[in-house]
Amino acid sequence: MAPEQILSVNKLSLSRQSGKTDIQLVHEVSFSIDQQEIVGLIGESGCGKSLTCLSLINLLPRIIRADSGEIFFQGTPLNDIKSSMMRSLRGKSMAMILQNPMSCFDSVFSIRYHFKETLQSHGMGWSKNRCRHICDALAEVGFENPKEIIDLYPFQMSGGMLQRVMIALALIMKVALLIADEPTTDLDLVSQNKILCLLAKMREQHGMSILLVTHDLSVIARLADRAIIMQQGKIVDSGSVKAIFAQGQHHPYTKALLNAHFNLYGSHLERSELEIC
Amino acid sequence: MLITTTHNRTKKNIMHLLELKGVKKSYVQGGFFGRKRHCHVLQDVNLVIDSGTCVGLLGRSGSGKSTLSRIALGLESPDAGKVLFNGKSLSEMKKQDRLSFRKNMQVVFQNSLGSVNPGFTAGQIIAEPLQNFESLNSKALQQKLENLIIQVGLSVGDLKKYPHQFSGGELQRICIARAIALKPKLIVLDEAVSSLDMIIQAKIINLLVELQQQLHIAYLFISHDLRVLLKMTDRLAVMDKGRIVEQVDIIEETILQERQLHTAFTELMEAILPKIPKK
């Protein structure tokens, strides 16, 4: 069976008005994501990675204007979709996890309430059965005692734990596309590895497609099938991960990125081909 | 398991630049509504930093790295144990010694935007420690500022800019310029390169290595990324749950897997992501 395209972006341009001049922030970006595929989007800070992500779920800040471009999600064009329709897509079919999980939860509500709110806003009721589903989802993202976790408040949990709760929220909605915007940048290496393993598992077992935004090439090397490299609002290079990491004709920026990446692995780490889960 | 280095054993009579001896620290948690609880952040920590060396401090988040750095900087006092600077205990220092301690210890934090005054220009930011410790006339000060900003790889024109006009990497360079302004003996780098993107991170690491060779500064380099630490440090201390569980000398071509290492260390080592994709 040919892989089905879950998302395709065609010549997306974003700009911001500053005084009388327009500042072009994202320039004719086109890419697509197949079903069960993990696509890595990498670039320096301020190159428009996050804006591209936000435009996919139609949550751009007001001052940013989409000049042109089309976005298709599972074959449906998202450009002139009704906002109520968009609301039901967002969270139900595609979800986003962010860099700073602390700011994504409301400190005065427990984890149980966050699940309840998400489920109810998508028209799913609350019952005993649901509670079991939530516990299952929490267990699947690696919590050993989901019954205890469910009554905790966000400030009682660490960054890595909250990131896993975010993934559990996406899991319970059975989203088709997960947009992960720097999901592990704030975490230490051990938690980072856990989250990346978890994302790989989501893809294997639930057929999620993932758009993985990062500034760290090793995250791409660990997880992605294809990589897109952005610089100053433009895609400068893209291809399979194998091709990107191989020696060959690359854009100068890609080369600089690879150089910095390979330099980080000194002679001490030659055995870096570690077995990972 | 604490392995003191042979280097320290043979030169025992030599005074260390900074020495932490049996340092303990605990914070009180809760208490407003709930039950008070003591949270032991540091337990019996011993660490030695010699002048001109770079000591790496590795650990997961919450292992007590930052508390240790705050105690080493004298920003907090330990509950038990001693901090010795050039052989003198921090708690018993006279005013003059304390001033010289302050002058010789500098710090660079992870969040560069949060560690500068947004209303100051880069020039004012770098000038602040100089004005506090050295009485320079305005011409000499300007000359010194220009030298410093060039030393960290920015241009003289940047002295007039405000923090929001810089990128994260550039602002981190200004924080480094401020830290080296007084020619300190030791700089604490608390995750100083962790939030920068890869190319800029590599540039800042190169800058730090260069400055160390030029100015003979010692670094206490705190990070959770073993890759970065292995590039820079002479000795690596690994923290876990408030204790230093492992100290290893990093000599070129050291094969780290030769010895039985503490699980906290191996865990962090195994979490290093692959260099190239497996597929």
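Residue numbers (this note's numbering), protein chains in the order written: chain A, 12 to 288; chain B, 30 to 308. Heads up, the beta-carbon is just placed ideally off N, CA and C, and yes, glycines get one too. Since we're looking at a predicted model, the values are computed, not measured.
- Non-local C-beta neighbours of K127/A in its own chain, meaning closer than 7 Å and more than five positions away in sequence, comprise W137, ordered along the chain.
- Residues of chain B whose Cβ lies closer than 8 Å to the Cβ of Q203/A are, in chain order, A300 and L302.
- Listed along chain A, the residues sitting closer than 8 Å to H253/B by beta-carbon distance are D199 and L200.
- In the pairwise beta carbon analysis, the stretch 81-90 of chain A is classified as not touching the stretch 263-275 of chain A: fewer than three pairs are separated by under 8 Å.
- Residue ranges of uninterrupted alpha helix (DSSP H) with 4 or more members, entirely inside the stretch 22-108 of chain A and ordered along the chain, are 60-67 and 94-100.
- With its beta carbon less than 9 Å from one in chain B, I231/A belongs to the interface.
- Against R89/B, the close residues of chain A are D199 and V201, in the order they occur along the chain (beta-carbon pairs closer than 7 Å).
- In this structure, I75/A sits near R27/A, with a CB-CB distance shorter than 9 Å.
- Annotation: L87/B to N21/A spans about 44 Å, alpha carbon to alpha carbon.
- Contact annotation: the stretch 169-184 of chain B does not touch the stretch 112-127 of chain B, with fewer than three C-beta pairs closer than 8 Å.
- Under the 9 Å criterion on CB atoms, L297/B is classed as interfacial with respect to chain A.
- Along the length of the stretch 119-199 of chain B, whole beta strand (DSSP E) runs at least 3 residues long occupy 134-137, reported in chain order.
- Identification of chain B residues near E55/A by a Cβ-Cβ cut-off of 8 Å yields D226, I228 and I229, ordered along the chain.
- Closest by C-alpha distance to S79/A, out of S104/A, G153/A, V40/A and R73/A, is V40/A.
- When 7 Å is used as the limit between beta carbons, L268/A is near these residues of chain B: M227 and I228, in chain order.
- Any Cβ of chain A closer than 9 Å to the Cβ of V257/B would place that residue at the interface, and such an atom is present.
- About 5 Å separates the beta carbons of S220/A and I17/A, which is inside the 8 Å limit, making them a contact pair.
- For the pair L71/A and L62/A, the Cα-to-Cα distance works out to about 7 Å.
- Here I145/A is buried. Its C-beta has 16 or more other C-beta atoms within 10 Å.
- By the C-beta density criterion, D219/B is buried, having at least 16 other C-beta atoms within 10 angstroms.
- Among the bridge pairs identified by DSSP, L71/B is matched with K54/B.
- For the 9 Å CB-CB criterion, K132/B and P213/B form a contact.
- The C-alpha of D197/A is placed about 28 Å away from the C-alpha of Q46/A.
- Rounded to the nearest whole angstrom, the C-alpha separation of L290/B and G102/A is 44 Å.
- For S90/B, the CB contacts under 8 Å within the same chain, skipping 5 residues up- and downstream, are H253 in chain order.
- Of the other Cβ atoms in all chains shown, 16 or more fall within 10 Å of the Cβ of Y276/A; this residue is therefore buried.
- Here F62/B carries a coil assignment [DSSP, helix/strand/coil].
- The beta carbon of E105/B is closer than 8 Å to those of K54, T96 and R99 in its chain, skipping five residues each way along the sequence.
- Within the same chain, Cβ atoms closer than 6 Å to the Cβ of V277/B are found at L265, the five residues on either side in sequence being excluded.
- For G197/B, the chain A residues whose C-beta falls within less than 7 Å of its own C-beta are S56, listed in chain order.
- Residue pairing by DSSP places T225/A opposite I53/A in a beta bridge.
- Judged by beta-carbon spacing, L302/B lies within the 9 Å limit of N204/A, meaning their Cβ atoms are closer than that value.
- The beta carbon of A181/A lies closer than 6 Å to those of A106 and L189 in the same chain, with the five residues before and after it left out.
- DSSP places A221/B outside both helix and strand once states are collapsed to three, so it counts as coil.
- Shown here, K245/A sits in a strand according to DSSP, grouped into three states.
- Under DSSP, the beta-bridge partners assigned to R237/A are V50/A and S251/A.
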